[in-house]
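Asks: There's a structure below that I have some questions on.
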């Protein structure tokens with residue numbers, strides 16, 4: 026089939042035209058129904074995003090499509106092959122990339138690729154051209170001799186994709202492929218996926234990042250094994266229950282508290298210096314909000330209606346009382362009462378070298394007591410090394426740092442007694458019950474008697490696990506596990522909490538609940554130092570620091586960083602044939618960058634006033650129909666990428682002049 030270059034899919038009418046065609050898929054595990062009559066149709070040349078809460082059935086669906094697991098009921102055809110009748114035959118036409126790293130860490134990049142090429146029966150000459158092309162496209166060419174185990178998270182995921190694509194499948198199944206990967210690597214990963222559309226490859230991808238779901242041609246929101254909403258991102262946003270009102274204030278947390286206590290509005294969510302409310306009548310609600318905040322003596326910008334994000338829609342459609350999965354959990358949390366410090370963390374010229382490699386290079390910053398401080402950076406930038414030094418686990422090579430008033434080099438044990446730490450990897454014991462895990466950590470922290478009993482009750486209530494206190498930890502969903510790990514990390518009521526990518530791979534419902542906990546702790550005086558690759562979470566932080574190649578390259582509030590780093594506008598272009606349109610738009614002098622974004626483009630402008638007319642003229646000249654062109658606010662991902670690219674340009678210029 027000749028590539029059309031058109032991202033807008035023609036939905037096939039039957040299983041003979043479709044790349045993926047499933048009807049009535051059902052799969053049970055004992056009393057649990059993982060899939061409940063699932064219907065799914067995916068065309069060649071489109072990216073279909075499957076999003077849903079933990080345990081919704083996403084991974085089960087992919088495993089059935091891949092022929093790894095049979096359905097109990099229903100029919101499924103992939104690339105025209107009846108999967109139930111001949112699961113072996115379908116594997117010649119598809120590639121499946123699971124959540125777990127599936128390559129060999131003790132083999133090099135080249136050796137892993139050769140292993141997969143051998144599995145697919147590709148001869149030495151046959152594989153030369155596709156291997157060279159895929160390595161160049163993924164930016165992996167310089168790392169061909171590096172051991173896979175030594176690659177960064179983003180590189181590992183790209184290598185897995187290269188291995189999966191070595192035989193050019195007709196259908197590609199990806200299970201949360203960018204979980205824990207930084208925004209720069211995610212964009213590179215998605216550029217590879219978009220290139221596959223020119224070859225009419227059908228792609229089904231599950232993701233916990235709803236900003237990534239925006240990039241898909243179509244989206245299916247799955248819950249309890251059923252598709253609850255399906256269509257383009259715009260169509261799914263049209264399913265939003267209620268409308269969004271945004272209120273900006275320098276005292277956003279206090280604004281949120283006042284509006285929550287009023288009890289007149291539905292969800293009241295905090296996003297950095299903004300509060301979002303879901304209302305039925307924006308005009309009436311705005312009047313009531315304004316009156317209530319004026320009565321409280323707060324300064325704020327007038328409430329204004331905001332476009333709902335896919336995350337808002339996700340929570341609206343799939344959200345259930347008591348945060349979906351936490352029966353018995355209260356919507357308010359008793360804050361930790363700790364003495365608030367003026368400067369909880371003080372870092373001055375902190376440096377760490379490993380032989381000739383400098384992982385952290387003379388970074389300096391301060392974090393105030395009760396502040397939620399975001400620490401961002403690409404994979405391998407130095408985030409984890411910094412946290413290990415601040416937690417007293419790794420001695421600095423040079424420089425100084427004090428945490429809770431204690432020197433991290435000379436008073437490391439005192440530091441450890443005054444902090445809570447939650448690592449990226451789940452650190453509790455799966456074969457212990459919820460209560461047994463809490464009691465185990467209480468013993469480590471020296472808690473006993475009545476104090477342990479009080480803290481246990483607090484932890485169960487805070488995590489929403491009072492009714493599941495006797496359940497084995499391994500049967501909990503990902504969101505509940507993360508909340509339990511957080512509660513255990515703060516049992517001893519530390520004044521400072523370090524969180525290393527705490528919501529990696531967690532769905533938006535659980536993520537919002539988790540951040541409710543963080544804000545409640547910060548309200549009680551706890552200082553929160555958090556790393557994340559989920560850029561929406563950076564909006565939740567009071568301030569954000571960006572570390573790159575061991576150096577601190579930006580520091581400020583999310584609003585300040587947007588103002589400093591984004592020189593032009595971000596323009597959303599909805600048009601026919603977006604793949605062809607990207608090539609046209611990218612060549613214009615009024616444009617700095619053009620990237621595919623769902624069924625359209627996101628364009629960074631070099632000339633704000635001239636860009637939109639120039640884009641429209643150029644596209645119409647090529648016979649590409651334009652639906653709309655509109656300016657959209659930049660997100661933190663745009664900020665992240667812009668700062669990294671600007672630093673790379675400056676470094677290149679310095680090298681050229683040096």
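Numbering (our numbering), first residue to last: 26 to 683.
C-beta atoms are modelled at their ideal positions from N, C-alpha and C, and glycine is treated no differently.
(1) Note down, in chain order, each residue of its chain lying with its Cβ closer than 7 Å to the Cβ of residue 653, except the 5 sequence neighbours on either side.
(2) Per the contact definition of three or more C-beta pairs closer than 8 Å, is the region 240-255 in contact with the region 80-100?
(3) The alpha helix (DSSP H) with residue 649 in it runs from where to where?
(4) Would you call the region 634-652 and the region 598-617 touching, i.e. three or more CB-CB distances under 8 Å?
(5) Under a Cβ-count criterion, where at least 16 other Cβ atoms within 10 Å of its own Cβ denotes burial, should residue 469 be classed as buried or exposed?
(6) Have a look at residue 200 and residue 90 and give me their C-alpha separation to the nearest angstrom.
(7) Select from 517, 96 and 533 the residue whose C-alpha is nearest the C-alpha of residue 551.
(8) Strictly by DSSP, which residues pair up with residue 612?
(9) In whole angstroms, what is the alpha-carbon distance linking residue 380 and residue 574?
(10) According to the Cβ coordinates, are residue 507 and residue 539 closer than 8 Å?
(11) Output the distance between the C-alpha atoms of residue 22 and residue 548, rounded to the nearest integer angstrom.
(12) If you count every other CB in all the chains shown that lies within 10 Å of the CB of residue 410, and 16 or more means buried, which is it?
(13) With respect to the beta strand (DSSP E) encompassing residue 228, which residues constitute its N-terminal and C-terminal limits?
(14) In angstroms with no decimal places, state the Cα-to-Cα distance between residue 594 and residue 655.
(15) Using a Cβ-Cβ cut-off of 7 Å (strictly less than) and excluding sequence neighbours within five positions of residue 143, which residues of its own chain qualify?
(16) Please go through the same chain and pick out, in chain order, the residues whose beta-carbon is closer than 7 Å to the beta-carbon of residue 177, but skip the five residues on each side of it.
(17) Going by Cα to Cα distance, which pick from 545, 663 and 669 is closest to residue 278?
(18) Please report the distance separating the alpha-carbon of residue 458 from that of residue 650.
(19) Mind checking which residues open and close the beta strand (DSSP E) that includes residue 445?
(20) Could you tell me whether the region 102-113 touches the region 565-582, where touching means 3 or more Cβ pairs closer than 8 Å?
(21) Using the Cβ count rule (16 or more neighbours within 10 Å means buried), how would you classify residue 57?
(22) Count the other CB atoms within 10 Å of the CB of residue 150; is the residue buried (16 or more) or exposed (fewer)?
(23) DSSP three-state label for residue 279, please.
(24) When we look at the beta-carbon of residue 475 and count the other beta-carbons within 10 Å, is it buried (16 or more) or exposed?
(25) Taking the continuous alpha helix (DSSP H) assigned at residue 214, which residues delimit it?
(26) Kindly indicate the opening and closing residues of the beta strand (DSSP E) around residue 157.
(27) What is the rounded straight-line gap between the Cα of residue 407 and the Cα of residue 541?
(28) For residue 141, which three-state DSSP category applies?
(29) Let's see if you can read the secondary structure: which residues bound the beta strand (DSSP E) around residue 531?
(30) Please report the residue range of the beta strand (DSSP E) in which residue 304 lies.
(31) List the DSSP bridge partners of residue 620.
(32) Rounding to the nearest angstrom, what Cα-Cα distance links residue 124 and residue 185 in this structure?
(33) My guess is that residue 444 and residue 522 are in contact by the Cβ rule of under 8 Å, so how many angstroms apart are they, rounded?
(34) For residue 362, is the classification buried or exposed, using 16 other Cβ atoms within 10 angstroms of its Cβ as the cut-off for buried?
(35) Helix, strand or coil: how does DSSP classify residue 504 here?
(36) To the nearest whole angstrom, what separates the beta carbons of residue 231 and residue 75, a pair I think is in contact under 8 Å?
Replies: On the basis of the data shown:
(1) The residue you call residue 653 lines up with position 628 of the chain shown. Closer than 7 Å at the Cβ level, and outside the excluded window around residue 653, lie 599.
(2) yes
(3) Sequence index remark: in the chain shown, residue 649 carries index 624 (1-based). From DSSP, residue 649 is part of no alpha helix (DSSP H); its letter is neither H nor E.
(4) yes
(5) On the chain shown, residue 469 is found 444 positions in, with the first residue counted as 1. Residue 469 is exposed by the Cβ-count criterion.
(6) Taking the first residue of the chain shown as position 1, residue 200 is located at position 175. Taking the first residue of the chain shown as position 1, residue 90 is located at position 65. Their Cα atoms are separated by approximately 12 Å.
(7) Here residue 551 corresponds to residue number 526 of the chain shown, with the count starting at 1. The option with the nearest alpha carbon to residue 551 is 517.
(8) Along the chain shown, one-based indexing puts residue 612 at 587. DSSP, once it has assigned bridges, lists no residue as partnering residue 612.
(9) Position 355 of the chain shown holds residue 380. Position 549 of the chain shown holds residue 574. Rounded to whole angstroms, residue 380 to residue 574 spans 16 Å at the Cα level.
(10) Position 482 of the chain shown, counted from the first residue, corresponds to residue 507. Position 514 of the chain shown, counted from the first residue, corresponds to residue 539. Yes; because the gap between Cβ atoms is below 8 Å, this pair is in contact.
(11) Because the chain in this structure spans residues 26 to 683, residue 22 falls outside the shown range and cannot be described.
(12) Your numbering for residue 410 matches position 385 in the chain shown. By the 10 Å Cβ count, residue 410 comes out buried.
(13) Counted from its first residue, the chain shown places residue 228 at position 203. Here the beta strand (DSSP E) through residue 228 covers 227-231.
(14) Position 569 of the chain shown holds residue 594. Position 630 of the chain shown holds residue 655. When rounded, the distance between both Cα atoms is 10 Å.
(15) Against the chain shown, residue 143 aligns to sequence position 118. There are no such residues.
(16) Position 152 of the chain shown, counted from the first residue, corresponds to residue 177. Hits under 7 Å: 404 and 405.
(17) Reading the chain shown from its first residue, position 253 is the one you call residue 278. Among 545, 663 and 669, the Cα nearest to that of residue 278 belongs to 545.
(18) Taking the first residue of the chain shown as position 1, residue 458 is located at position 433. Taking the first residue of the chain shown as position 1, residue 650 is located at position 625. Their backbone Cα atoms lie some 59 Å apart in a straight line.
(19) For the purposes of this step, residue 445 is taken as residue 420 along the chain shown, with counting starting at 1. 444-447 is the span of the beta strand (DSSP E), which, as asked, contains residue 445.
(20) no
(21) In the chain shown, the residue the question calls residue 57 occupies position 32. Looking at its Cβ environment, which holds fewer than 16 other Cβ atoms inside 10 Å, residue 57 is exposed.
(22) Position 125 of the chain shown, counted from the first residue, corresponds to residue 150. Label assigned to residue 150: exposed.
(23) Position 254 of the chain shown, counted from the start, is the residue given in the question as residue 279. It is helical.
(24) Within the chain shown, the letter at position 450 stands for residue 475. Residue 475 should be labelled exposed.
(25) Stepping through the chain shown from its first residue, residue 214 is reached at position 189. Per DSSP, residue 214 belongs to the alpha helix (DSSP H) from 208-222.
(26) Position 132 of the chain shown, counting from 1, holds the residue named residue 157. Counting along the chain, residue 157 falls outside any beta strand (DSSP E), though it belongs to the alpha helix (DSSP H) covering 149-163.
(27) Within the chain shown, residue 407 is the residue found at index 382, counting from 1. Within the chain shown, residue 541 is the residue found at index 516, counting from 1. Between residue 407 and residue 541, the C-alpha separation is close to 28 Å.
(28) The count along the chain shown starts at 1 and reaches residue 141 at position 116. Helix.
(29) Here residue 531 corresponds to residue number 506 of the chain shown, with the count starting at 1. Segment: none, residue 531 is in no beta strand (DSSP E) and carries neither H nor E.
(30) Taking the first residue of the chain shown as position 1, residue 304 is located at position 279. Taken as a continuous stretch (DSSP letters only), the beta strand (DSSP E) holding residue 304 covers 299-304.
(31) The residue you call residue 620 lines up with position 595 of the chain shown. Note: residue 620 sits in a beta bridge opposite 627.
(32) Mapped onto the chain shown, residue 124 falls at position 99. Mapped onto the chain shown, residue 185 falls at position 160. So the alpha carbons of these two residues sit roughly 10 Å apart.
(33) Within the chain shown, numbered from 1, the residue matching residue 444 stands at position 419. Within the chain shown, numbered from 1, the residue matching residue 522 stands at position 497. The pair is a contact, with the Cβ atoms about 7 Å apart (cut-off 8 Å).
(34) Here residue 362 refers to the residue found at position 337 when the chain shown is read from its first residue. In this prediction, residue 362 has a pLDDT of 49, which is less than 50 and means its spatial position is unreliable; what the coordinates show is noted afterwards. Label assigned to residue 362: exposed.
(35) For the purposes of this step, residue 504 is identified with residue 479 of the chain shown, where counting begins at 1. Looking at residue 504 - three-state DSSP - the assignment turns out to be helix.
(36) Start at 1 with the first residue of the chain shown, and residue 231 comes out as number 206. Start at 1 with the first residue of the chain shown, and residue 75 comes out as number 50. Contact holds; Cβ gap of about 5 Å.
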